[in-house]
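Numbers 42 to 229, taken from my numbering, label the letters of the sequence shown in order.
Step one of this worksheet: look at the structure below.
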Amino acid sequence: MDHKLSGWAASQLSLAGRITLTQSVLQAVPIYAMQTTNLPGSIKNKIDQICRRFLWSGNDDLQKMSLISWHNICQPKMAGGLGFKRLDIMNEVLLLKVAWHLILEPNKLCVKVLSTKYGVHPSDIPHALPTRYSSHLWKFVGRVWDYVKRGLRWNVGNGLKVKFWWGYLACIFALHVLNLTDSRELSH
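Shown next as structure tokens:
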């Protein structure tokens with residue numbers, strides 16, 4: 042990021058120009074890496090610091106007093122902020138997208154690779170993902186898998202993929218856990 046800043050005559054730019062440059066370039070640089078990597082908090086904080094310093098002073102080395110808190114700057118424009126991205130949330134959302142693709146796009150190459158490597162078939166939505174001895178990406182997907190399951194809705198269709206006895210009803214318990222083999226238990 043320092044390399045990107047070195048060629049800019051940012052001190053000659055207005056605040057509006059620095060806002061546009063920060064949003065379109067500085068905050069876009071880490072997006073590619075954040076799609077497959079959960080960046081450490083220290084790196085996200087350093088990027089935020091560079092963005093803040095550049096925004097207020099036009100230089101990432103010179104620290105000036107911020108006129109507005111970073112939290113307020115990261116609010117949507119409709120809420121009075123400048124619409125800057127919060128990198129911690131953006132990183133989590135991009136990695137959630139990988140988990141979401143496991144279900145919605147089973148023919149993508151990355152989904153095929155991950156599902157084959159970790160033994161998860163895209164048509165079977167597991168209750169939990171095996172994360173032992175796995176990559177950092179897969180461990181993060183396993184950590185957010187509950188969020189993905191909460192966002193799912195079943196469309197029965199022809200019924201070939203519905204697993205009535207093994208699926209979750211309202212995410213409380215699976216029917217196979219109940220011992221329904223004795224009909225006398227049902228009549229009481």
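From the three backbone atoms N, C-alpha and C, an ideal C-beta is built for every residue, glycine too.
Apart from the 5 residues on each side of it in sequence, H142 sits with its Cβ closer than 8 Å to the Cβ of K149, C151 and V152 in its chain, given in chain order. When C-alpha distances from M106 are compared across H112, I114, R93 and K118, the shortest belongs to R93. Bounds of the alpha helix (DSSP H) holding V189 are H177 to R191. In the same chain as Y188, and ignoring 5 residues on each side of it, the C-beta atoms closer than 7 Å to its own belong to L137, in chain order.
Of the residues L178, Y159 and A140, the one whose Cα lies closest to the Cα of R191 is A140. The DSSP-derived three-state label of Q64 is helix. Looking only at N132, G160, G198 and H162, the smallest Cα-Cα distance to M75 is reached by N132. In terms of CA proximity to L178, V134 leads the group P147, G198, V134 and I114. Per DSSP, F95 is one residue of the alpha helix (DSSP H) stretching across G82 to S98.
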